[in-house]
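Below is one structure, written out as structure tokens; the observations come after it.
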Amino acid sequence: MNMATEIAATPATAAQAEPILRIKGLHKQYGHNEVLKGVDLDVQAGEMVFIIGPSGSGKSSLLRCCNRLEESSSGSIIVDGEEITAPRADLNRIRQKIGMVFQHFNLYRHMSVLSNVALALRKVQKLPRAEAESRAREALERVGLAHRADFYPDQLSGGQQQRVGIARALALHPRIVLFDEPTSALDPELVGSVLKVMKDLKAGGMTMVVVSHEMSFAMAAADRVVFMDGGSIIEQGSPKEVFGNPRHERTKAFLSSVSHNY
Ligand SMILES: Nc1ncnc2c1ncn2[C@@H]1O[C@H](COP(=O)(O)OP(=O)(O)OP(=O)(O)O)[C@@H](O)[C@H]1O
Ligand SMILES: [Mg+2]
1 MNMATEIAAT PATAAQAEPI LRIKGLHKQY GHNEVLKGVD LDVQAGEMVF
51 IIGPSGSGKS SLLRCCNRLE ESSSGSIIVD GEEITAPRAD LNRIRQKIGM
101 VFQHFNLYRH MSVLSNVALA LRKVQKLPRA EAESRAREAL ERVGLAHRAD
151 FYPDQLSGGQ QQRVGIARAL ALHPRIVLFD EPTSALDPEL VGSVLKVMKD
201 LKAGGMTMVV VSHEMSFAMA AADRVVFMDG GSIIEQGSPK EVFGNPRHER
251 TKAFLSSVSH NY
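Per the UniProt record's numbering, the sequence shown starts with residue 1, numbered consecutively.
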């Protein structure tokens with residue numbers, strides 16, 4: 001290879017950056033029940049990947065394995081270049097790279113919004129109070145709730161509480177945020193404010209994996225839709241491809257079983 005080709009080759013190599021999340025051959029069993037049957041999935045920086053699929057298909061199990069809330073049986077998960085599934089992985093440190101947002105926000109009711117968001121910064125990252133609170137305020141700003149910092153969770157709507165849940169994840173400055181049905185517990189009129197925050201995050205370059213039945217949101221905002229069934233990825237593609245022209249019978253059956261208005 002001469003000098004010129006070598007130089008020309010460099011940017012192409014750089015463009016194939018390592019994914020933020022790399023899941024390889026992931027298996028998970030509960031007793032004899034194999035709920036993940038060899039899942040491979042790469043998520044690139046800045047991507048929003050939607051995971052859809054029937055109840056029990058393994059969507060939550062997959063997300064929960066990604067920060068070792070669940071242990072996988074075999075396979076590997078690499079987050080931002082570090083293998084979280086390695087036996088000696090420093091879980092505390094790697095978990096700070098992965099924000100999780102759940103259906104039920106699990107905020108502490110006796111603590112202010114600010115303290116809820118600052119808690120992990122103080123307890124896990126051991127930041128001094130002032131610094132933790134300043135980062136918490138920044139995170140609340142990003143979800144449009146800076147003016148609610150001194151409120152208690154019960155004084156907020158469900159949508160606002162979920163945005164506090166998102167701020168809590170963002171305060172750790174994660175490399176990726178995983179959402180497990182973030183709007184399923186909300187009244188319909190509150191869903192929009194949470195989806196808007198997610199859209200803003202995407203616009204800001206955040207990498208996200210979202211399990212959700214909000215198909216019209218996926219159509220508008222997702223880069224990729226992954227359909228899971230029976231513990232395997234059955235097909236994936238752009239929202240237009242998967243929703244508009246599903247290739248597999250199981251995808252077609254699932255899509256026609258859910259009410260969709262995308
Ligand atoms: N803690 C557990 N112990 C035993 N089995 C479990 C446990 N959690 C999940 N499972 C089983 O694993 C399978 C996958 O469940 P999972 O929660 O990952 O599905 P899901 O796709 O998220 O479903 P849903 O859409 O209902 O949330 C199911 O068969 C479920 O019964
Ligand atoms: Mg689930």
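Think of the CB as a built atom: it goes at the ideal place given N, C-alpha and C, for glycine as much as any other residue. In this text, all values refer to a predicted model and were calculated from it rather than measured experimentally.
Pairwise C-alpha distance: residue j and residue i
i: residue 266; j: Ser134; result: Within the shown structure, residues of the chain are numbered from 1 to 262, placing residue 266 beyond reach of any answer.
i: Phe102; j: Gly75; result: 24 Å
i: Ile52; j: Ser60; result: 11 Å
i: Thr5; j: Gln44; result: Annotation note: pLDDT 44 at Thr5 (below 50); position unreliable, no value reported.
i: Thr85; j: Pro19; result: 16 Å
i: Lys126; j: Ala139; result: 17 Å
i: Ala136; j: Gly46; result: 23 Å
i: Lys123; j: Leu201; result: 25 Å
i: Pro246; j: Leu69; result: 32 Å
i: Gly99; j: Arg64; result: 11 Å
i: Gly230; j: Lys37; result: 8 Å
i: Ala222; j: Gly81; result: 24 Å
i: His104; j: Glu141; result: 22 Å
Beta carbon of residue i nearer than 8 Å to that of residue j
i: Pro182; j: Val164; result: no
i: Leu178; j: Cys66; result: yes
i: Ala149; j: Ser112; result: yes
i: Met219; j: Pro239; result: yes
i: Gln162; j: Leu186; result: yes
Endpoints, beta strand (DSSP E) assigned at residue i
i: Gln236; result: 232-237
i: Asn33; result: 33-43
i: Phe50; result: 48-52
i: Phe227; result: 224-229
Endpoints, the alpha helix (DSSP H) within which residue i is located
i: Gln160; result: 158-170
i: Ser134; result: 129-142
i: Arg250; result: 249-257
For residue j and residue i, believed in contact at Cβ under 8 Å, the rounded distance
i: Ile233; j: Val79; result: Not really, about 19 Å apart at Cβ, beyond 8 Å.
i: Gly237; j: Arg224; result: 7 Å
- Task: Go through the residues and name those whose CB comes closer than 5 Å to any heavy atom of ligand 1, in chain order.
- Result: The answer, residue by residue, is Tyr30, Val35, Ser55, Gly56, Ser57, Gly58, Lys59, Ser60, Ser61.
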